[in-house]
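Please read the structure below before turning to the comments.
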Amino acid sequence: MKEREIEGAARRRKITGKWRYTWHLWMTLLLHIAAIVLFTRGFLLTRTELPHYSNSSDVSESQCLYSSSHNNTTTSSWTKPAVNRLIIIVLDALRFDFVAPSTFFPESKHWMDKLKVLKEVVSKSPTSAKIFKAIADPPTTSLQRLKGLTTGGLPTFVDVGNSFGAPAIVEDNFLNQLVQSGKKVVMMGDDTWTQLFPHHFERSYPYPSFNVKDLDTVDNGCIEHLFPSLYEDDWDVLISHFLGVDHVGHIFGVDSTQMTEKLEQYNSILEKVIEVLEKESGPGRLHENTLLVVMGDHGQTLNGDHGGGGAEEVETAIFAMSVKKPPSSVPVEYDTSSCQLDLDGKNVCVSSMQQLDFAVTMSALLGIPFPYGSIGQVNPELYALGAGSWNLDVSQQLSESDIWIQNYANILCINSWQVKRYIDAYSASSAVGFSSDDLSRVASVYAQAENHWLRSTKKLQLDKKDIDALVPALKKQIESYFNFLRTVAELARSKWTEFDLRMMGAGIAIMSISLMFQVLAILRANSQDGATLASSGYAWFFSASAFAFFLLGMRAVSFLSNSFILEEGKVANFLLSTSGIVALRKSVVKGKLLKESVGFLLLSTFCRFGIEIGLSKQASTSAFMKEYTSWILNIASGLAVWNHAAEVVPILVLIILAFWLYKATSDIFFGWPRKIVVVCTILSYMLIIVHWITENNRYILAFMPESIGRIYIPRIVYAILLGQLLLLVFAQLFKGNSSDCKTNLVVKTTAMLSAWSSTVILLSGKQGPMVAFASIVGGYCIMRLCDIEDDAKNGPQRRLSIGPFPVMQWNLFATCLFFCSGHWCAFDGLHYGAAFIGFEEFMLVPQAIILTLDTYGFSIILPVFGLPFLVAMKYKADLGKHVLFTQLSQMYTTYGLITAIMTTFTIYCVTMHRRHLMVWGLFAPKFVFDVFGLLLTDVLICLASLYYFDQGKDGHNHN
């Protein structure tokens, strides 16, 4: 009994002893979580969604002339239904230059002029078919665009996080109004529609949308159900959402043969759809009065990405065709089209519109109430396509054009009333709403339009006497409503997110407190360490520390500029090279470690090359198209020798890495659990080589099915990683280790890095071994250079503490590796293809973990677990655990402080620029990447403290 008490007391002392070195790391994590949660809730608030819905009877509250009962119903229609049926074909990620003729652009590209049928229809029937350049509001992820298209509002950035699991839309929307009006809707294609609208479809055929490597399943499902549905009469609105172009863009890019083939396939599909509509467009036929809309939800960059606010991402296209020919074209005052001759000499006109206007325009054409929260404007040119179904009142002696103007003015009256109603309700219900000055300006502009309506336009229409005065009054009325709707749209775009400055301020305050807390923890560790220095060592230590803080300040301040954020990788590489030059100067003065200094500068040059490749849009067009986004396969791809080298060199480098690991296990004492971990890593490397060989059809092994190399080998590598981590946990409980603290630390660090390395390399593709090789060389140089002041004549009496300079270099090098591996701080910088390595179907949790490993493997996971090598380089075997643990604690706190300072300046940046034009396209993605990276760093540091602050033979009792 007494022995158990003694053993329990010893265990408690051990835990308490470890806790004094690590408690502040866990406290820092909690402070950062609190700060980020508070700031995020203030910064990434969603627009207030009002629980109000438009009803048919609401329009009676306005002063407008609206359409009363139609089709023997007792309810009022907001507008005269101009079309009976609507077909919406969404081609995901449809760039504008996929649709418009190549003659509209300065330079013709091979992906242009593939959707020939659209421009042919427009050139043949310019009054009944139109092409629009449609401008989307960022962010340009599919979820936001579908919400914007159906609600007529401006979705917020925070919804990006829901793009992989879209919640149902609860605010009023186009589909809700269709259902409430008794319309039947059929959907096929992208399953995001059924997630957003789970109870709105009469029939639906959803297909999973997030397997970007699958180019055809969703499209084939659309084709299977689209053409039979065209001959059925059990629907009023049909939605077919194709995904092939989006997936081809993500995997192969715009400049690829796969994109050309997919566009040609779409052209064939659209030809057949238009042919069916024209055959069935006669009187009494199914499509006597059907409107066809072919559109994109957003565009895409040349390397197939989207999400931001770049011109390529926000510019998409809308093609609209009415099978019932309108009597005339839209009046010239409202015609935004520009015309060019295409390559065949045919005249093709292209107009422009805002995607924001889509929901309200479709509602007006179908004669249903406008979505309550819509702030869009009924587009005149798109609305004019429905004019063929109007019953012209010849008794008014008005021309067809004048009748169109009269109808459109009445539509805009209802449109403006509905928007003003929403603005008033939003300001009354929202916690912040619009400012009083903004509301006064909106009210003033609306009052001018309404006064003109009541005193002039409405009276002239009701009296029907002064025909000559009516048309000028209508035109003036339309301009008044245009002015009001533009004012509201501009106001909403500038202030559509409600920033809670108190929450943001609280987050910044806690973040600042955490920084001071970390500084105090470092000072406390320094006082406990009691490190001594030679006189020359003092000068270098403090000058190097001052220079490290200078580099830190330079990098932190650079975050306040959008230009430097765009070039963050180059900034980090410049600062890393600058630190290398300082180390080189010291090496020359001391006459030692010259090879390491020169090698480090050469490595910085290699990193700069990788960063240039990774961040260059031109390079990414061709370099990041492969399944695993590996630029090494595409550089100078025209050279046959290089093509073979690009296949062979990564394999040779991986074999070298395996050999190094083998040598490490033979040169240093490894206990059996950790030796098994390293052996398993070598096995994983060999499996990765087999995986790469089976990727290439020229080298597929005859005795092995392709699925084994493509699917099962990656899964085996993942399983090996899980088993390795479990073995390392078990090794923590293994009591048979008799090695000293320094050897034990080196062994544990090597085992942990080897465990993670195989999966990180697999996900990075064939550039992975090169980046891993660079990280080993860079880490070795930093370790050696931090020992530059060691002098044998001082013997063991001098002990140099780990200063901030090598830790700063380690952090800068990790940042360079992030950009070298082809990432950048934007959602189009994520390698979505990596998430499907080993998977054919989308599963949120495992693939989110895999995507995190790919994104942060070389820049956070491996650097954090590799940091103890710095301490091992400086640690003397006879100094005891206390010194080792103190320096480990100090080093991890310093590394965490550097990362926290960077994130804090990012937070300052987004706070200062929260009304900046690029806030959602640049600053907000940077914020998301940095705060996630900070939390991941904190979590890994805490886990590393549990792993490293443990056993080992204490050569000196320092208590």
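Per our numbering, residue 57 is the first one in the sequence shown, and the count goes up by one each step.
Beta carbons are placed, not taken as given, at the ideal position from N, Cα and C, and that holds for glycine.
Here the structure is a predicted model, which means the values were calculated and not measured.
| Check | Outcome |
| --- | --- |
| Let me know if GLY238 comes out buried or exposed under the rule of 16 or more other beta-carbons within 10 Å of its beta-carbon. | exposed |
| Can you give the Cα-Cα distance for LEU150 and THR248, rounded to whole angstroms? | 17 Å |
| Kindly identify the DSSP beta-bridge partner or partners of GLU371. | ILE191 |
| Tell me the DSSP secondary structure of LEU399 in three-state form. | coil |
| How would you label GLY647, buried or exposed, when you count the other beta carbons within 10 angstroms and need 16 or more for buried? | exposed |
| Round the Cβ separation of ARG141 and ASN345 to the nearest angstrom and send it over; I've been treating them as touching at under 8 Å. | 7 Å |
| What does DSSP give as the partner residues of ALA376 in its beta bridges? | LYS186, VAL349 |
| Compare the beta carbon distance of GLY835 and PHE925 with 8 Å and say whether it is the shorter of the two. | yes |
| Could you tell me whether the Cβ atoms of LEU907 and ALA882 are closer together than 8 Å? | no |
| To the nearest angstrom, how far is the alpha carbon of GLU280 from that of ASP391? | 38 Å |
| Select from ILE144, ALA775, ILE145, TRP167 the residue whose C-alpha is nearest the C-alpha of ASP153. | TRP167 |
| Can you tell me the Cβ-Cβ gap for THR372 and ALA545, rounded? I've got them flagged as a contact below 8 Å. | The pair is not a contact, with the Cβ atoms about 18 Å apart (cut-off 8 Å). |
| Quick check on PRO382: buried or exposed, where buried means 16 or more other Cβ atoms within 10 Å of its Cβ? | buried |
| Within this structure, are the beta carbons of SER814 and THR737 separated by less than 8 Å? | yes |
| Compare the C-alpha of TYR948 against each of THR962, GLY922, TYR964 and name the closest. | GLY922 |
| If contacts are defined as beta-carbon pairs under 8 Å, then VAL434 and ILE144 qualify, I think. What distance do you get, rounded to the angstrom? | Not really, about 17 Å apart at Cβ, beyond 8 Å. |
| Taking the straight line between their C-alpha atoms, what separation do you get for SER619 and ALA811? | 38 Å |
| Looking at C-beta atoms only, is the number of pairs between the segment 75-86 and the segment 570-577 that lie closer than 8 Å three or more? | yes |
| Report the rounded CA-to-CA distance for VAL329 versus PHE283, giving the unit in angstroms. | 7 Å |
| Below 8 Å on the Cβ atoms is my contact criterion, and I expect LEU557 with GLY98 to pass it. Report the Cβ-Cβ distance as a whole number of Å. | 7 Å |
| Who are the near neighbours of ILE374 in its chain, counting only those whose CB is closer than 6 Å to its CB and skipping five residues on each side? | PHE188, ALA190, MET351 |
| Answer yes or no: do TRP880 and LYS822 have a C-beta to C-beta separation smaller than 8 Å? | no |
| Since GLN788 contacts TYR1003 with CB under 8 Å, what's their CB separation in whole angstroms? | 7 Å |
| In its own chain, which residues sit with a C-beta less than 8 Å from the C-beta of PRO254, not counting the 5 before and 5 after it? | ALA224 |
| Rounded to a whole number of angstroms, what is the C-alpha to C-alpha distance between ILE669 and VAL242? | 45 Å |
| Determine, using beta carbons only, whether SER483 and GLN504 come nearer to each other than 8 Å. | no |
| Counting Cβ pairs closer than 8 Å, one from the segment 176-184 and one from the segment 198-207, do we hit at least three? | no |
| If we call anything under 8 Å between Cβ atoms a contact, is VAL734 one with THR721? | yes |
| Could you check what DSSP says for ARG549 in three-state terms: helix, strand or coil? | helix |
| Roughly how many angstroms lie between the CA atoms of LEU886 and ILE92, to the nearest whole one? | 22 Å |
| Give the single residue among ASN466, THR250, GLU703 whose Cα lies nearest to the Cα of TYR122. | ASN466 |
| What does a CB cutoff of less than 6 Å around TRP79 pick up in its chain, not counting 5 residues either side in sequence? | none |
| What's the C-alpha gap between LEU100 and ILE745? | 43 Å |
| Per DSSP, which residues does SER394 bridge with? Please list them. | VAL406 |
| With distances taken from CA atoms, which of LEU607, LEU87, MET826 is nearest ALA701? | MET826 |
| LYS269 to SER485, Cα distance in whole Å? | 45 Å |
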